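In the numbering used here, the protein residues as written are 5 to 331. Built from N, CA and C at the ideal position, the CB exists for glycine as well. Because the structure is a prediction, the values reported are computed rather than measured. Here's the structure we're looking at; comments come further down.
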């Protein structure tokens, strides 16, 4: 058993690893024992993103206190940090068959130095407004990059014109420019998503990515609302609530709407009020009429408040109308 435990593998990857090109995994099987090791087999188990045409090798026999070098050739089909899987070692000692526990290879970094890549946001991201994402690629190889196209995955809160690009062949030294039109539909910090570059290099179908677009902060258009609730409210008669809206943003806001969620003790013949449009740095006014059915202290409920920028809905926090004395 001690002899079996002592048989080992040392390995090293060639550097740097390049997507679409042949790379090498060099290894050596060591027999530091005083017994011969026979019928040695090594089997590499690579992930699906690694192409290896000959993953099983027969290394023959090893005399005591000797070693044998060998190697696997492989082609990375995906860029980035790649988990390389593991290998199994099989051999015989004194005609008894043995298998070592899996030897895990860990991770390697796969580059794409021949693909020049520049990603740029041409305009600041603003709620409800269209911005352009520019992706420029350059083929620095002396070979074609065939069937090249982009596939993007945008965040849920982003409206976009398309997630794909045209398919084309990039000859040596050529460039390809792809643009996307995106419209943020949410505010706050959002992850814009990512894209993959798919292409064929020789007989290898390759993927660069995911390449992230990054995180951005989308500013909420500044819109102030002021309510004018009468100091004296009366039961069984109409009471007008004035609603003043001040658009302090640089955006035109449309369909500025207030929908009531009044308490059960409030009657309202028209539960909603809207202002069709408010220009930037301008104001608008609307009102709602309510009729309390009882007197005394009464909680009025709240107003749901929303507006649109270029037909993109922005739902705001409800406005609490508070508790008031009803005569």
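- Of all alpha-carbon atoms in 170, 176, 189, 192, the one lying nearest the alpha-carbon of residue 183 is that of 170.
- Leaving aside the five residues that flank residue 89 on each side, the residues in its chain whose CB is nearer than 8 Å to its CB run, in chain order, 48, 49, 50, 51, 54, 108, 109.
- With a cutoff of 7 Å on beta-carbon distance, residue 23 and residue 80 are scored as near each other.
- Within the DSSP secondary-structure output, residue 14 pairs in a beta bridge with 32.
- Remark: C-beta atoms of residue 72 and residue 97 do not approach each other more closely than 7 Å.
- For residue 144, there is no enclosing beta strand (DSSP E), as DSSP marks it with neither H nor E.
- For residue 194 against residue 159, the beta-carbon gap comes to about 5 Å, under 8 Å, which counts as contact.
- Fewer than three pairs of CB atoms, one per stretch, sit closer than 8 Å, so the segment 243 to 253 makes no contact with the segment 208 to 220.
- In the three-state DSSP reduction, residue 195 falls in the strand class (E or B).
- When DSSP reads this structure, residue 47 sits in a beta bridge with 60, 92.
- Residue 85 has 113 as its beta-bridge partners, per DSSP.
- Under the 8 Å Cβ criterion, the segment 292 to 302 counts as touching the segment 264 to 281, having at least three qualifying pairs.
- Residue 8 sits in a helix when the DSSP states are folded into three classes.
- Looking at the DSSP output, residue 236 bridges to nothing.
- 225 is the residue among 225, 56, 10 whose C-alpha sits nearest the C-alpha of residue 260.
- Looking at 122, 142, 104, the one whose alpha-carbon comes closest to that of residue 177 is 142.
- For residue 238 and residue 330, the gap between their C-alpha atoms comes out near 5 Å.
- Residue pairing by DSSP places residue 68 opposite no residue, since no beta bridge is assigned to it.
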